[in-house]
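Numbering (the UniProt record's numbering), first residue to last: 1 to 625.
Even glycine gets a Cβ: it sits at the ideal position worked out from N, Cα and C.
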Amino acid sequence: MGQLEDQLELGQYGLVIAALEGQAHTPQALRLLGLAYLRSGDVNLAELPLLQAHLQGDPEASVEYGNYLRFVGKYDQACALFAQIHPSLQGELGLRCLRWWGVAEVQQGQTEAGITRLERAWHGYIGLGNPELTARVTNAFAQMQLRIGNHGQARHLFQEALRQLPEQPVPQPRLTALHGLLELQMQQGDFQGAEATLTHIGRALRYTDSLHERSMAFIARSEWQRLTGKLDGYTENLEEVARCAASLDDYELSIWVTAKLAEHYSALGRFGEALRVLIGFGTPQEEWPPELWSAYGMLLRRRHEPAAAEEALNRAAETFRTQRRAPELIRVLMHAGAAALRGGNKAFAVTHFKEALFEMLRLKMHAVFRPDFEELQELVHYALLEPDTAPLLEPVLDNLAHLIGSPRLPEDSSMYLQITTLGRVSVFKDNVEVPLSLKGSALLLAYLQLHPGKTRAELQLALYPDKDPNTGGGYIRSAIAELREKLGREVVTFGGPKNAPTYRLGTMVHCDLDLQAFREAAARGEAARMVALYRGEFMPEIHDSEWVQDIREETLMTLTLELRVQMARFEEVGDWRRVILLANQYLRFDSYDVEVLQMRLRAAQVVGTPHEVARYSAQLKRNYN
1 MGQLEDQLEL
11 GQYGLVIAAL
21 EGQAHTPQAL
31 RLLGLAYLRS
41 GDVNLAELPL
51 LQAHLQGDPE
61 ASVEYGNYLR
71 FVGKYDQACA
81 LFAQIHPSLQ
91 GELGLRCLRW
101 WGVAEVQQGQ
111 TEAGITRLER
121 AWHGYIGLGN
131 PELTARVTNA
141 FAQMQLRIGN
151 HGQARHLFQE
161 ALRQLPEQPV
171 PQPRLTALHG
181 LLELQMQQGD
191 FQGAEATLTH
201 IGRALRYTDS
211 LHERSMAFIA
221 RSEWQRLTGK
231 LDGYTENLEE
241 VARCAASLDD
251 YELSIWVTAK
261 LAEHYSALGR
271 FGEALRVLIG
281 FGTPQEEWPP
291 ELWSAYGMLL
301 RRRHEPAAAE
311 EALNRAAETF
321 RTQRRAPELI
331 RVLMHAGAAA
341 LRGGNKAFAV
351 THFKEALFEM
361 LRLKMHAVFR
371 PDFEELQELV
381 HYALLEPDTA
391 PLLEPVLDNL
401 AHLIGSPRLP
411 EDSSMYLQIT
421 TLGRVSVFKD
431 NVEVPLSLKG
441 SALLLAYLQL
451 HPGKTRAELQ
461 LALYPDKDPN
471 TGGGYIRSAI
481 AELREKLGRE
491 VVTFGGPKNA
501 PTYRLGTMVH
511 CDLDLQAFRE
521 AAARGEAARM
531 VALYRGEFMP
541 EIHDSEWVQD
551 IREETLMTLT
561 LELRVQMARF
571 EEVGDWRRVI
581 LLANQYLRFD
591 SYDVEVLQMR
601 LRAAQVVGTP
611 HEVARYSAQL
621 KRNYN
């Protein structure tokens with residue numbers, strides 16, 4: 001048995017399993033077999049040998065069986081077992097019991113008691129004088145500090161643990177600490193630091209053949225990609241996780257990767273593929289875990305079925321709320337709020353989003369929701385004009401970088417283009433930004449989306465009427481050439497007479513243009529969406545196009561007029577808080593409008609704080625000086 005124990009400590013789990021599978025008859029042998037299964041990732045196979053050894057009186061097996069119960073989410077049973085066996089345990093085994101007991105209590109929701117118990121175990125291990133064992137418990141303590149939002153302490157503890165945990169011969173404890181540090185870095189938006197941590201994870205993986213550790217590394221890489229938007233290879237990483245989950249027969253891993261693949265496909269508009277992934281999970285829909293209901297709800301929302309989406313997302317939210325899984329709950333509530341808003345249920349939109357923001361601020365967790373904020377701009381900017389959500393949302397947005405939109409790609413399109421023209425210029429092809437060297441290239445792309453079927457002469461006359469025909473025509477030819485080179489020849493096609501061909505975007509190209517979305521919102525009187533889309537003047541780098549200048553005047557006038565109409569309406573009914581919110585948005589675009597400054601001050605004198613009244617009064621006075 002001594003050799004098998006050495007092999008277990010060296011991480012040679014396959015050798016232990018090969019020696020004991022079907023041959024374990026003593027409590028010690030059963031414990032070693034169960035631990036080899038547990039640590040290699042074959043969690044389901046670990047239960048029986050650990051339970052047998054525990055019932056046969058092996059005290060170490062009792063502790064590890066409790067840890068197994070904790071690992072599979074049976075926190076009540078785990079805590080009850082730890083409470084029963086702890087009084088009889090001595091030395092390191094007693095500290096190990098205390099450690100897993102504390103972790104189980106935190107996971108169960110008894111945070112204060114669990115942290116206290118875990119800290120006692122940590123101090124005990126320090127007293128034993130074994131640096132590596134102490135580092136493992138330091139890592140567990142850091143994980144719990146991260147869980148309760150104590151980020152500074154968690155970072156310090158992770159770094160202390162990593163100083164003592166070696167890459168070899170057993171890299172698993174070091175990998176656990178690296179994954180914890182990575183999670184902390186991504187929560188804080190330190191994506192550069194996270195990328196360096198991913199490199200360290202890759203180095204440590206060289207010393208283990210554990211499929212479970214390999215799958216955790218693929219998950220870490222794919223989450224970093226999702227949060228940074230660097231999606232090259234993202235689908236392939238998720239598919240690798242799916243293969244690992246199938247090989248390990250790991251239920252939890254299968255849930256995670258099924259939900260992520262379905263979310264990813266539906267975000268790209270590949271709804272049929274997303275549905276096939278969900279259905280392929282293999283259980284009846286009524287038995288789906290909340291992760292799958294969440295992914296299904298997002299699919300329905302993106303497919304413009306808001307009522308069904310909200311129902312599915314609410315179902316997921318109920319379970320996440322019961323399980324105290326706050327990060328998952330926040331995402332679901334955000335998407336449920338967006339579905340409610342799109343379905344016209346504005347009261348529920350505010351309710352859902354308000355709960356999400358409370359949880360976000362409580363956990364001090366913002367950066368991991370950046371992709372959701374990017375996608376749900378309509379909800380975000382609606383909430384900025386709502387008195388119940390605006391005070392909660394502003395500190396969150398202060399911690400997030402500039403937002404971009406998210407694609408909706410019809411399944412019959414071969415290319416998805418997303419063109420941003422208001423406040424800044426960018427072109428994304430299939431979710432990847434494509435830099436264009438000519439200022440006129442994005443301009444031509446936007447014009448062809450709005451006015452297809454124009455000849456080169458008509459394009460030149462519309463965009464560059466002040467240029468001579470040769471110069472203007474040269475601009476158009478160069479722009480078409482760059483678009484075809486950077487985006488593909490099919491992006492701009494032509495037809496009609498050979499001597500005067502007309503140009504348009506290719507039939508298999510789907511294009512989302514923010515200017516079009518702005519005009520649609522204006523037609524419906526959706527001020528919040530207009531504010532979301534208007535980030536500044538149209539095509540800010542173009543200075544020699546009359547058409548561009550006309551669009552600038554049109555968009556700014558349309559926005560400010562709509563905001564004025566809504567301010568007047570809310571002033572008339574005495575909704576002073578909304579008047580202030582709308583006025584603040586208006587003054588972002590025209591900070592010297594005396595009438596709006598006066599309207600905001602009148603509203604603040606009714607419902608504002610003394611600080612607001614003083615500030616708004618000072619701003620108005622500055623305008624007179």
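(1) State the Cα-Cα distance for the pair residue 633 and tryptophan 256, rounded to the nearest angstrom.
(2) Distance check for threonine 138 and glycine 124, CA to CA, integer angstroms please.
(3) Quick one: what does DSSP say lysine 354 is sitting in, helix, strand or coil?
(4) Assign serine 294 to buried or exposed, taking buried as 16 or more other Cβ atoms, counted over all protein chains shown, within 10 Å of its Cβ.
(5) Around the C-beta of arginine 301, are 16 or more other C-beta atoms found within 10 angstroms, so that it is buried, or is it exposed?
(6) Under a Cβ-count criterion, where at least 16 other Cβ atoms within 10 Å of its own Cβ denotes burial, should valine 573 be classed as buried or exposed?
(7) Going by DSSP, what residue range makes up the alpha helix (DSSP H) through histidine 212?
(8) Quick check on aspartate 514: buried or exposed, where buried means 16 or more other Cβ atoms within 10 Å of its Cβ?
(9) Assign asparagine 470 to buried or exposed, taking buried as 16 or more other Cβ atoms, counted over all protein chains shown, within 10 Å of its Cβ.
(10) Can you have a look at leucine 384 and say buried or exposed, based on whether 16 or more other CB atoms are within 10 angstroms of its CB?
(11) Please confirm whether leucine 393 and leucine 357 have their CB atoms less than 8 Å apart.
(12) Return helix, strand or coil for glutamate 526, following the three-state DSSP convention.
(13) How would you call phenylalanine 538, buried or exposed, if buried means at least 16 neighbouring beta carbons within 10 angstroms?
(14) Quick one: using the 10 Å Cβ neighbour count with 16 as the cut-off for buried, is alanine 401 buried or exposed?
(15) How do the segment 114–121 and the segment 83–90 stand: do at least 3 beta-carbon pairs fall below 8 Å, yes or no?
(16) Identify every residue that forms a DSSP beta bridge with aspartate 512.
(17) So, helix, strand or coil for lysine 621, using DSSP?
(18) With a threshold of 16 other CB atoms inside 10 Å of the CB of threonine 197, please say whether the residue is buried or exposed.
(19) Go ahead and pull the three-state DSSP assignment for serine 426.
(20) Cα-Cα, which of Pro540, Leu620, Leu50 is closest to leucine 32?
(21) Three-state secondary structure (DSSP) at tyrosine 464?
(22) Starting from threonine 502, trace the beta strand (DSSP E) both ways and give me its first and last residue.
(23) Got a sec, what are the start and stop residues for the alpha helix (DSSP H) glycine 269 sits in?
(24) Just the C-alpha distance for histidine 366 and phenylalanine 373, rounded to the nearest angstrom, thanks.
(25) DSSP three-state label for glycine 297, please.
(26) Return the residue from the list Tyr382, Leu601, Leu333, Ala583 that minimises the CA-CA distance to glycine 344.
(27) Between which two residues does the alpha helix (DSSP H) carrying glycine 2 extend?
(28) Roughly how many angstroms separate the alpha carbons of proline 371 and arginine 226, rounded to a whole number?
(29) Please list the terminal residues of the continuous beta strand (DSSP E) segment that includes threonine 319.
(30) From which residue to which residue does the beta strand (DSSP E) around methionine 493 run?
(31) Would you mind giving the Cβ-Cβ distance between serine 266 and leucine 299, rounded to the nearest angstrom? I have them listed as a contact below 8 Å.
(32) Nearest CA to the CA of cysteine 79: which residue from Leu93, Gly91, Cys97, Gln90?
(33) Report the residue from Leu38, Trp288, Leu559, Val548 whose alpha carbon sits nearest the alpha carbon of arginine 524.
(34) Assuming contact is defined by CB atoms lying nearer than 8 Å, are residue 657 and glutamate 355 in contact in what I supplied?
(35) Is alanine 36 near valine 16, with beta carbons less than 8 Å apart?
(36) Is the beta carbon of arginine 331 within less than 7 Å of some heavy atom of the ligand GTP?
Reading off the structure:
(1) Absent from the structure is residue 633, since the part of the chain shown begins at 1 and ends at 625.
(2) Glycine 124 and threonine 138 have their alpha carbons spaced roughly 11 Å apart.
(3) helix
(4) buried
(5) buried
(6) exposed
(7) 211–228
(8) buried
(9) exposed
(10) buried
(11) yes
(12) coil
(13) buried
(14) Bear in mind that a pLDDT of 40 at alanine 401, under 50, signals an unreliable position, so the number given afterwards is only what the model happens to contain. So alanine 401 counts as exposed.
(15) no
(16) Gln418
(17) Reduced to three states, the DSSP call for lysine 621 is helix.
(18) buried
(19) strand
(20) Leu50
(21) coil
(22) 502–505
(23) No alpha helix (DSSP H) contains glycine 269, which DSSP labels as neither H nor E.
(24) 10 Å
(25) Here DSSP, grouped into helix, strand and coil, assigns glycine 297 to helix.
(26) Tyr382
(27) 2–9
(28) 8 Å
(29) Here threonine 319 belongs to no beta strand (DSSP E); instead the alpha helix (DSSP H) covers 306–322.
(30) The residue asked about is misnamed: residue 493 is threonine in this sequence, not methionine. Where threonine 493 is concerned, the enclosing beta strand (DSSP E) stretches over 492–495.
(31) 4 Å
(32) Cys97
(33) Leu559
(34) Shown here, the chain extends from 1 to 625; a query on residue 657 therefore has no answer.
(35) Contact flag set, yes.
(36) Looking for the ligand GTP in the displayed structure turns up nothing, as the structure carries no ligands at all.
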